[in-house]
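Working notes, beginning with the structure itself.
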Ligand code: MN
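Residue numbers (the numbering used here): 237 to 687.
Here it is as structure tokens:
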């Protein structure tokens, strides 16, 4: 998608809160979500975020402001599309243009129609956001940050942290779609099987079963898949971006002690599938267009991607400059009204593989994608210690050394998460000459393990 009038930095809205420089949701963003108003006699509705309002797309449609349907069938079809716009990203671009027109400062169609306006604008604080895709058909999680892969690899193989396949193959695994939850859903500490290290020369101790003691988060971006593909069809890399509708923040909660004991030989399983949280607003690729940047520069000794993963446009513009932040607020911090504490700040552009490479690789064997599938990028860690996207990396000091706890403003400390801790992800894009846009938040509070 080329840049167009919907990206114009000078666009303003008659809805004043959309012009607040601090909002994540100016007119240039228009992320998609599904909301519900608790206690109201109204079903869940598809909406876009604008300033401090949720714009109800069904209400706009019923007021005739999104265009007139020719007959009942096409009206029903349009309604289905508005509830799942990834089915047709191109048609969504049309809706986006129309929304920009309707809410622009100079437009009075909705502004001066009090009834339609009251029906369409629902204050965000009165709306509970649900899963944008419900259900998520399939979930895959990648491992696309070379910094994360190197840091984690070093813990197990100090001399040879990266396995030989890493710079050839985007590594991933199939995750569990059933346990993906919307931001704000409590995350129950999982029970699992763990095994402590044996002392050298001593008889092996048996594993035990109980609450996870090394609960962690992973800062990731989730790609929301668009129209989908047929079984047997490999998406050429130069068409892969057509399969990505947008992005959400994703927290791949991880039980590190469970993971350590179970991961060989088949990879992540119960250490990962007890919960995955996503932010409720899908920031569309249309909105992200101004924030494209070149793919991570490979080291001179690195191999070039194989032809099916290589595309000049993708190398030049296939990464996205998106700042990604992790904050922690403990129960004690809440009690004492201490603001959330930043644990890290990274950037999505630091991934070794681009989103298009992930899609091309995923379908290269003929595996089909379904509309609304979710692909996690893997933990987004950057080159510096303050950009490490999980506690496993942040508290690690080196082989044989004890983990270094993170000190919090309450003089509490954390090596891994405690019950009552809330993990908050935020992300935003900034570029000279363009309006800042944001992702909102992805939150989750840890609740105690079930007995
Ligand atoms: Mn992960």
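Virtual Cβ for every residue (Gly too), placed ideally from N, Cα, C. All values reported here derive from a predicted model rather than from experimental measurement.
- [ ] Indicate whether residue 561 and residue 661 have their beta-carbon atoms separated by less than 8 Å.
- [x] One thing to note: residue 561 has its Cβ within 8 Å of the Cβ of residue 661.
Open item on the list: According to DSSP, residue 376 sits in a beta bridge with which residue or residues?
Closed with: Its beta-bridge partners are 410, 611.
Task: Three-state secondary structure (DSSP) of residue 637 - done: Note: residue 637 maps to coil in three-state DSSP.
Open item on the list: Tell me whether residue 498, by its Cβ, gets closer than 7 Å to a heavy atom of the ligand MN.
Closed with: The answer is no for residue 498.
Open item on the list: Quick check: what's the CA-CA separation for residue 394 versus residue 403?
Closed with: Taking the straight line joining both Cα atoms gives about 18 Å.
Open item on the list: residue 408 and residue 607 - do their beta-carbons sit closer together than 8 Å?
Closed with: No. Outside cutoff.
- [ ] Check whether the Cβ of residue 458 sits closer than 7 Å to any heavy atom of the ligand MN, and report yes or no.
- [x] Relative to the non-hydrogen atoms of the ligand MN, the Cβ of residue 458 never comes closer than 7 Å to any of them.
Task: 8 Å Cβ shell around residue 283 - same chain, five flanking residues per side excluded - done: Answer for residue 283: 268, 269, 270, 271, 290, 291, 292, 293, 358, 363, listed in chain order.
TODO: Would you tell me roughly how many angstroms separate the C-alpha atoms of residue 648 and residue 638, rounded to the nearest one?
DONE: The straight-line gap from Cα to Cα measures roughly 18 Å.
Task: Cβ-based burial, residue 487 [other Cβ within 10 Å; buried from 16] - done: Label assigned to residue 487: buried.
Task: Beta-bridge partners of residue 559, as assigned by DSSP - done: Partner(s): 583, 664.
Task: residue 577 (DSSP reduced to helix, strand or coil) - done: Residue 577: strand per DSSP, three-state reduction.
- [ ] Take the Cβ of residue 245 as the centre, count every other Cβ of all protein chains shown within 10 Å, and call the residue buried at 16 or more, exposed below.
- [x] With fewer than 16 Cβ atoms within 10 Å of its Cβ, residue 245 is classed as exposed.
Task: Alpha carbon of residue 379 to alpha carbon of residue 658, nearest angstrom - done: Cα to Cα, residue 379 sits roughly 24 Å from residue 658.
- [ ] Mind the definition here: the region 382 to 394 touches the region 466 to 480 only if three or more C-beta pairs lie below 8 Å; say whether that holds.
- [x] The region 382 to 394, when compared against the region 466 to 480, does not touch it at the 8 Å Cβ threshold.
Open item on the list: Taking the beta carbon of residue 598 as the centre, do at least 16 other beta carbons fall within 10 Å, making it buried, or is it exposed?
Closed with: Around the beta carbon of residue 598, a 10 Å sphere encloses 16 or more other beta carbons of the protein chains shown; the residue is thus reported as buried.
Open item on the list: If I measure Cβ to Cβ from residue 257 and keep anything under 8 Å in the same chain, skipping five residues before and after, which residues do I get?
Closed with: If we look at residue 257 and ignore the five residues flanking it on each side, its Cβ neighbours are 672.
- [ ] Would you mind stating whether residue 583 and residue 618 have Cβ atoms separated by less than 8 Å?
- [x] Yes, these two residues count as a Cβ contact at 8 Å.
Task: Touching by the beta-carbon criterion (3+ pairs, under 8 Å), the region 337 to 350 and the region 584 to 597 - done: Under the 8 Å Cβ criterion, the region 337 to 350 does not count as touching the region 584 to 597, having fewer than three qualifying pairs.
Task: residue 615: CB within 7 Å of a non-hydrogen atom of the ligand MN - done: Taking 7 Å as the cut-off, one finds at least one heavy atom of the ligand MN near enough to the beta carbon of residue 615.
Open item on the list: Would you call the region 676 to 685 in contact with the region 416 to 429, where contact means no fewer than 3 C-beta pairs closer than 8 Å?
Closed with: The region 676 to 685 vs the region 416 to 429: in contact.
Open item on the list: Three or more C-beta pairs under 8 Å: does that hold for the region 609 to 617 against the region 366 to 380?
Closed with: Cβ pair count under 8 Å is three or more, so yes.
- [ ] State the start and end residues of the unbroken beta strand (DSSP E) segment that holds residue 292.
- [x] Element bounds for residue 292: 289 to 292.
Open item on the list: Whole angstroms are fine: how far does the CA of residue 248 sit from the CA of residue 262?
Closed with: A direct Cα-Cα distance of roughly 8 Å separates residue 262 from residue 248.
TODO: Could you tell me which of 322, 434, 316, 483 sits nearest to residue 457, measuring between CA atoms?
DONE: Here the closest residue by C-alpha is 483.
Task: With 16 other Cβ atoms within 10 Å as the buried cut-off, status of residue 441 - done: Exposed, since its Cβ has fewer than 16 Cβ neighbours within 10 Å.
Task: C-beta contact flag for residue 450 and residue 632 at 8 Å - done: No, Cβ-Cβ distance for residue 450 and residue 632 is not below 8 Å.
Open item on the list: Could you compute how far the alpha carbon of residue 278 sits from the alpha carbon of residue 307?
Closed with: Between residue 278 and residue 307, the C-alpha separation is close to 24 Å.
- [ ] Take every Cβ of the region 501 to 512, pair it with every Cβ of the region 409 to 419, and state whether three or more of those distances are shorter than 8 Å.
- [x] Judged by pairs of C-beta atoms under 8 Å, the region 501 to 512 touches the region 409 to 419, as three or more such pairs exist.
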